[in-house]
Amino acid sequence: GVVLVSKPQFVFGGETPTDDGEVTDEWKRLFAVLCALIGAMMSAIAYVTVRKIGRGAHFMVHVVYFGLVSIIISPIGMYLFQTPVLPQGSYEYGMLVLVGLTAFVGQCFLNQGLQMAPAGPGTLMRMNDVVFAFLFGIFILHEYPDIYSISGASIIVLMTSAMGIHKVYTHQKLKK
Numbered sequence: 039g040v041v042l043v044s045k046p047q048f049v050f051g052g053e054t055p056t057d058d059g060e061v062t063d064e065w066k067r068l069f070a071v072l073c074a075l076i077g078a079m080m081s082a083i084a085y086v087t088v089r090k091i092g093r094g095a096h097f098m099v100h101v102v103y104f105g106l107v108s109i110i111i112s113p114i115g116m117y118l119f120q121t122p123v124l125p126q127g128s129y130e131y132g133m134l135v136l137v138g139l140t141a142f143v144g145q146c147f148l149n150q151g152l153q154m155a156p157a158g159p160g161t162l163m164r165m166n167d168v169v170f171a172f173l174f175g176i177f178i179l180h181e182y183p184d185i186y187s188i189s190g191a192s193i194i195v196l197m198t199s200a201m202g203i204h205k206v207y208t209h210q211k212l213k214k
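For my numbering, count along the sequence shown from 1 and bump the result up by 38.
Now the structure itself:
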């Protein structure tokens, strides 16, 4: 699924144009995919940690520490991986505030949900990210995924859902 979504040139051939028409270097593209995979692994570790701590800590504790660590680490990453760029104008500042607010509210609900829901259904709800990403990409950004991206995302969602449903089923079977 990941291979279909990322479409590496050494498998699919051809060149990958960016939104502004430039051609992306294959190594930069692979690095971006690697960063996304590492990010997904780190998110999974964070979810497991929130579930492990459970109701022992208020969900806002997780959100506050996430924000604190992000404030410290983000400038380091910004200076290491790119030339710092400041927002230009009120529109960009507004968009950044909107991103921050939606991320904050989403993180609050996610942490509270992970603490309250059983592991299987709680984890399955995370698969909605893929669906919403496609829908927001189409309706807001006017980016239309190709058949490879849709197929790859479908494989990822179906396999993860199958594993979650299997986990719920075996957990219920063990209770009886």
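A virtual CB, placed ideally from N, CA and C, is assigned to each residue, including glycine.
Residue i, DSSP secondary structure in three states
i    : result
E181 : coil
A200 : helix
A95  : coil
A191 : helix
L124 : coil
D167 : helix
Exposure of residue i, with buried meaning 16 or more beta-carbon neighbours within 10 Å
i    : result
A171 : exposed
F97  : buried
G202 : buried
A191 : buried
L152 : buried
H180 : exposed
Beta-carbon spacing of residue i, residue j below 8 Å
i    : j    : result
N149 : V88  : yes
M165 : S187 : no
Cα-Cα separation between residue i and residue j, rounded to whole angstroms
i    : j   : result
G175 : V43 : 14 Å
Q210 : G92 : 20 Å
A84  : A78 : 10 Å
Where the alpha helix (DSSP H) through residue i begins and ends
i    : result
V143 : G127 to M154
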